[in-house]
Amino acid sequence: MAVPETTTTEKKSLNFIEQKVEKDLAEGKNGGRLQTRFPPEPNGYLHIGHAKAIAMDFGIAKKFGGVCNLRMDDTNPQKEDTEYVEAIERDIKWLGFEWGKVCYASDYFQELWDFAEWCILNNKAYVDEQTSEEIAAQKGTPTEAGTNSPYRDRPAEESLRLFREMNSGNVEPGKMILRAKIDMASPNMHFRDPIMYRVLNLPHWRTGNKWNAYPMYDFTHGQSDYLEGVTHSICTLEFVPHRDLYDLFVTWIKEWKGDEGDMEDNRPRQFEFNKLNLNYTLMSKRNLLILTKEGVVDGWDDPRMPTICGIRRRGYSPEAILNFIDKIGYTTFDALNDIKLMEAACREDLNTRAIRVSAVVDPVKLVLDNYPEGQVEEMVAINNPELKDEEGNIINENNTHIIKFSRELYIERADFMEDGGKKFMRLGPGKEVRLKNGYIIACSDEKDENGNFRCIEKDSEGNITCIHATYDPETRSGLPGADRKIKGKTLHWVSCAHSIPCEVRDYNCLWTCENPRDAIKQYEKDNGVRGIDAMRPFINPDSLCVNKNAFIEEYAASLPALSYLQFQRIGYYNVDTDSTPGKPIFNKTVGLKG
RNA sequence: UGGGCUAUGGUGUAAUGGUAACACUGCAGAUUCUGGUCCUGCCUUUCCUGGUUCGAGUCCGGGUAGCCCAACCA
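For the first sequence, the working numbering gives the first residue as 1, with consecutive numbering after it.
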């Protein structure tokens, strides 16, 4: 069971949690079983940080022959919704993972309740009727012990009666809570009589009106793990201080269940790794929700969002995301990862995946004066030059498409300079370049009587409106004479008459500062504002650049949404979900290097 | 300030007491019908300080710096 799948790449050392799992399995802990869980709260969409947790929770189960359940942590009905449940399931599947089953914390509400009653009867819990302010005041500070609640030692029967009252719907939220009787002087704040249950008087999207009092995270998670049979409960570092409480509740529930199993070898155990921080990126669900509500972005799947669905729409493949996560690894160090590493991981994946197409995003007309008017040639374009056989030759079968060539073309404005100098390897007067999959062309350096280059047409403001060149008919790509070496680069182009006007959306970081989370927090503190008002100063006004003047070859315009493309010499692009063949829209995933 | 956690090039990670390495970034070069890819080279590392040890990035003590914890959120 403990044999990891052999990877296709060279052997990579196991991360510290994988090593722990391997050891536990070898020692026969939990009967040699491995069971994990991915426990999102369905109160928002999954983001790239969750992808890291998903890759761990599902990935480690897969690697060591265990099972991972998807468990919705739905103990707070006021924030949760089925919309999110569906999105979560969709995103996990898209990433390529499978769960054993879908569970809900709410599946255990009855058992949790019964367990809580047992805690009351066994002097481990009591109903507190103080206000939240009073309770907070008694909690003490990290350096000062708390003080006991006056209700702490009330009779168990009274607590039990009031606890049941808490679920009747007749108790106002905030009037009563159930607390665990632990230690108000503990240096661990979580041990200072933590809240087990609170009254919400709200229906739950799964259990309807059955419950009015709901359990808190700390009184739910470990128990759910225990009841479900989880062996390794893997979470992020901020839960380290909860671990002792997790363990305590697990010992209690084992006692309640009469479970004689060894606490050392037979129980769920919590492990923590560092969560994902990305520079120029804001990760928290709470803040992402604000961005969608305030219309800063176009919704959860806006390509600028760090959500799984946003990144998908941006054009990342699941493999690109997993490639990135594999590169950053799992440790206990609170790292701030460079977004460039994610982009590099994406390029690496898309290089082997994306179909090469031609798109001209800032067009200027190019006329080949010696090319027959009305003539159209069908040129063969390689879809993906990384598809190679064993000898390293590009595979041509099913790996090409046709691009039409004619007398009038568009090229990039930036690919022509009247006076580019020696280092400018593209087109200009007296320069020769190759048109990709086409011909070698040249511009004359002849000047007219006014000293202007004959190959350039300009408008009254001096902007170039048209470039004239001649083509060399012997140099069509694939022909014997085509290999002639020239100084110039190879340019991409589209045929004016055979290209489709399209919309191209380029993206920049949503944030102008490297660590928006901290910057926003600081701004809130300094200026006494919260939410969107603290975010606005750091939002990049140029995060979205819409270009409606681009042209793309016909083949690319016909591709379905979410197709992976490379606009040659520009970047990786993806067909937007709102794109239609008549009005194609493309999202820039990431630029080419350099 | 109490408790917990952490510290390896610019960034992330490896080295599990035995020669500090890998990826990314950056720079330079070669190849190229993409200024991409592929290939080559270069730059830059164990927070400080004591100790244990034949030997310390690793173990221990003391500093320093950062993160988490005082929600009826998870």
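All C-beta atoms in this analysis are idealised placements derived from N, C-alpha and C, irrespective of residue type, glycine included.
For S499, the enclosing beta strand (DSSP E) stretches over residues S499 to Y507. The C-beta separation of M56 from I234 comes to about 6 Å, placing the pair in contact by the 8 Å criterion.
Within the same chain, Cβ atoms closer than 6 Å to the Cβ of C346 are found at Y316, A320 and V590, the five residues on either side in sequence being excluded. Contact annotation: Y439 and Y471 have beta-carbon atoms nearer than 8 Å. Taking C-beta separations shorter than 6 Å and ignoring five residues to either side along the sequence, the partners of V360 in its chain run Y410, E412, V494 and F551, following chain order.
Counting along the chain, no alpha helix (DSSP H) covers P173, and no H or E run does either.
Beyond the five residues adjoining it in sequence on each side, I486 comes within less than 8 Å, by CB distance, of E432, V433, R434 and I440 in the same chain, given in chain order.
For A556, the enclosing alpha helix (DSSP H) stretches over residues E554 to A557. Short of 7 Å from the beta carbon of P560, and not among the five residues preceding or following it, lie these beta carbons of its own chain, in chain order: V575. Note on K458: under 16 other CB atoms within 10 angstroms of its CB, so exposed under the neighbour-count rule.
Exposure of A497 is indicated by the presence of fewer than 16 other C-beta atoms within 10 angstroms of its C-beta. In the DSSP assignment, P40 falls outside any beta strand (DSSP E) and carries neither an H nor an E. Three or more pairs of CB atoms, one per stretch, sit closer than 8 Å, so the segment 500-513 contacts the segment 531-548. I54 and F38 have their C-alpha atoms some 6 Å from each other. Contact between R356 and I382 holds, with the beta-carbon distance rounding to 6 Å and staying under 8 Å. For the set P372, K423 and R313, the Cα lying nearest the Cα of D578 is the one of R313.
With a threshold of 16 other beta carbon atoms within 10 Å, N212 meets it and is buried.
Contact between the segment 183-192 and the segment 137-145 is established, with three or more Cβ pairs separated by less than 8 Å. The C-alpha of P480 is placed about 33 Å away from the C-alpha of D419.
Rounded to the nearest whole angstrom, the CA to CA distance from G478 to I403 is 14 Å. Annotated three-state conformation of D472 is strand, per DSSP.
Following the DSSP letters along the chain, one finds T400 inside the beta strand (DSSP E) bounded by residues T400 to F405. The continuous beta strand (DSSP E) containing F586 extends over residues I585 to G591. DSSP assignment within the segment 281-316 yields the following whole alpha helix (DSSP H) runs of 4 residues or more, N-terminal first: 285-293 and 308-314. Y151 has its alpha-carbon roughly 27 Å from the corresponding atom of K210. Inclusion of T332 and L237 in the CB contact set at 8 Å is warranted, their separation being smaller than that value. Contiguous beta strand (DSSP E) elements confined to the segment 40-93 occur at 67-72, taking only those with 3 or more residues.
The C-beta of M263 has fewer than 16 other C-beta atoms within 10 Å across all chains shown, which makes the residue exposed.
Going by beta carbons, Y126 and S159 fall inside the 8 Å limit. Per DSSP, E158 lies in no beta strand (DSSP E); the unbroken alpha helix (DSSP H) holding it starts and ends at A156 to M166. Per the coordinates, the alpha-carbon of L592 lies some 40 Å from the alpha-carbon of D73. Here P385 has I394 as same chain residues with Cβ atoms under 6 Å from its own Cβ, once five neighbours each way along the sequence are excluded. The shortest C-alpha to C-alpha distance from K285 to any of G65, T307 and K340 is the one to T307. Following the DSSP letters along the chain, one finds L112 inside the alpha helix (DSSP H) bounded by residues F109 to L121. Under the 10 Å beta carbon count, S106 is surrounded by 16 or more other beta carbons and is classified as buried. Here T82 is exposed: its Cβ has fewer than 16 other Cβ atoms, across all protein chains shown, within 10 Å.
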